[in-house]
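Participant: Structure provided below as structure tokens; questions to follow.
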């Protein structure tokens, strides 16, 4: 009986260590791409939300093309939440065509569930403000602890 | 077929004897007479009930009409109030980045601006209004992201 009682703290310790070895808080980036095909992309607005996983947005940066280098418009309250509306436009003449990264979202992930993101394009437009069809996609980047 | 017609003809000529009809009439006659006053009251009650049900029907019809009118008014109000948003620069009925883009192009091309585009209310239409419109477009509390 005494031996049995002595093993209880050891068991509690082992369970605690095992729990600690689960995925803790880590950080990752999510690249957001728009493919406007042959059309020049001058403006876009999209919605992104983490549908699975414990995700918090911690930062938002612009895209790869000079026209969208600046961070897009977003609601500051999206920081520390799991959803955001991104929008940007440029009145410049040098515009991207085809697939281009328009933003990068930095996220904090907690828990074991791998995050899954849903993204929806509200609108994309050409330089004259004409609506164009485009495909939006997201690609998560590697996680760091 | 002919037989059936013959029977019909015979039936129509069948008459009960007068004595029998008199006896039956006497037997089935009520043992009292309804006073004219009671008759009038019963008739008045009947008419009142009919009028009441007609009134109910009219009220129901009126309420249905009022409900339809209210729905139409609300739809109209929602439609016009959305179009009335000062941030809705392009008049599409919704505020999105295209409104900010449209305003930015107007300013870049030095075209005439409208006073209602002074979203910030500082008395001028400039880049601050473009930013304000864009920020309206990305606001999360609009319930756009589920």
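Chains as they are written, first to last, in my numbering: chain A, 11 to 155; chain B, 575 to 720.
Note that the Cβ used here is the ideal one computed from N, Cα and C, for glycine as well.
Skipping 5 residues on each side, what residues in its chain have a beta carbon closer than 7 Å to that of residue 588 of chain B?
Facilitator: Taken in chain order, the list of residues that qualify is empty.
Participant: Residue 79 of chain A and residue 73 of chain A: beta carbons closer than 8 Å?
Facilitator: Their beta carbons are under 8 Å apart, which means residue 79 of chain A touches residue 73 of chain A by this criterion.
Participant: Checking the sheet assignment: what are the DSSP bridge partners for residue 71 of chain A?
Facilitator: Bridge partners of residue 71 of chain A: A:114.
Participant: Starting from the Cα of residue 8 of chain A, find the closest Cα among A:85, A:37, A:52 and A:38 and give me that residue.
Facilitator: Only positions 11 to 155 of chain A appear in the structure, and residue 8 of chain A is not among them; the question remains open.
Participant: Against chain A, does residue 680 of chain B count as a neighbour if the rule is that its beta carbon must be under 8 Å from one of theirs?
Facilitator: Closer than 8 Å: no.
Participant: Can you say whether residue 93 of chain A is buried or exposed, counting buried as having 16 or more other CB atoms within 10 angstroms of its CB?
Facilitator: With 16 or more Cβ atoms within 10 Å of its Cβ, residue 93 of chain A is classed as buried.
Participant: Given a cut-off of 8 Å on the beta-carbon distance, is the pair residue 151 of chain A and residue 76 of chain A in contact?
Facilitator: Taking 8 Å as the Cβ cut-off, residue 151 of chain A and residue 76 of chain A do not qualify as a contacting pair.
Participant: Decide if residue 46 of chain A is buried, meaning its Cβ has at least 16 other Cβ atoms within 10 Å, or exposed.
Facilitator: That one is buried.
Participant: What is the DSSP secondary structure of residue 673 of chain B, counted as helix, strand or coil?
Facilitator: Reduced to three states, the DSSP call for residue 673 of chain B is helix.
Participant: Measure how close the beta-carbons of residue 691 of chain B and residue 703 of chain B come, nearest whole angstrom, since I'm counting them as under 8 Å.
Facilitator: 6 Å between Cβ atoms; contact.
Participant: Hey, quick one: how far does the beta strand (DSSP E) through residue 36 of chain A stretch, first residue to last?
Facilitator: 36-45 is the span of the beta strand (DSSP E), which, as asked, contains residue 36 of chain A.
Participant: Verify the CB distance criterion: does residue 671 of chain B have a CB-CB separation below 8 Å to chain A?
Facilitator: By this cut-off, residue 671 of chain B is an interface position.
Participant: Could you tell me which chain B residues have their CB closer than 7 Å to the CB of residue 132 of chain A, listed as they occur along the chain?
Facilitator: Near residue 132 of chain A (Cβ distances below 7 Å), the residues of chain B are 670.
Participant: Residue 631 of chain B versus chain A: which residues are under 8 Å apart at the beta carbon?
Facilitator: By Cβ distance, chain A contributes nothing, its closest Cβ being about 50 Å from residue 631 of chain B, past 8 Å.
Participant: Mind checking which residues open and close the beta strand (DSSP E) that includes residue 595 of chain B?
Facilitator: Premise fails: residue 595 of chain B lies in the alpha helix (DSSP H), 592-602, not in any beta strand (DSSP E).
Participant: Considering only C-alpha positions, which residue in the set A:84, A:144, A:36 and A:49 is nearest to residue 105 of chain A?
Facilitator: Nearest of A:84, A:144, A:36 and A:49 to residue 105 of chain A, Cα basis: A:49.
Participant: Could you check the C-alpha separation between residue 607 of chain B and residue 613 of chain B for me, to the nearest Å?
Facilitator: C-alpha separation (whole angstroms): 10 Å.
Participant: Per DSSP, what kind of secondary structure is residue 146 of chain A in: helix, strand or coil?
Facilitator: Reduced to three states, the DSSP call for residue 146 of chain A is strand.
Participant: Do the segment 592-600 of chain B and the segment 56-71 of chain A make contact, defined as three or more Cβ pairs closer than 8 Å?
Facilitator: The answer is no - the segment 56-71 of chain A does not touch the segment 592-600 of chain B, with fewer than three Cβ pairs under 8 Å.
Participant: The alpha helix (DSSP H) that contains residue 693 of chain B, what's its start and end?
Facilitator: Run containing residue 693 of chain B: none; DSSP gives neither H nor E here.
Participant: If we cut at 8 Å on Cβ distances, does residue 43 of chain A have a partner in chain B?
Facilitator: By this cut-off, residue 43 of chain A is not an interface position.
Participant: If you drop the 5 nearest sequence neighbours on each side, which residues of the same chain put their C-beta closer than 6 Å to that of residue 715 of chain B?
Facilitator: Closer than 6 Å at the Cβ level, and outside the excluded window around residue 715 of chain B, lies no residue.
Participant: Should residue 149 of chain A be labelled buried (16 or more other beta-carbon atoms within 10 Å of its own) or exposed?
Facilitator: Per the 10 Å Cβ criterion, exposed.
Participant: Could you check which residue in A:54, A:81, A:35 and A:36 has the C-alpha nearest to that of residue 130 of chain A?
Facilitator: It is A:54 whose Cα lies nearest to the Cα of residue 130 of chain A.
Participant: Determine the contact status of residue 122 of chain A and residue 712 of chain B, defining contact as a CB-CB distance below 8 Å.
Facilitator: No, Cβ-Cβ distance for residue 122 of chain A and residue 712 of chain B is not below 8 Å.
Participant: Is the shortest distance between the beta-carbon of residue 689 of chain B and the beta-carbons of chain D less than 8 Å?
Facilitator: Included in the structure are the protein chains A and B, with no chain D among them.
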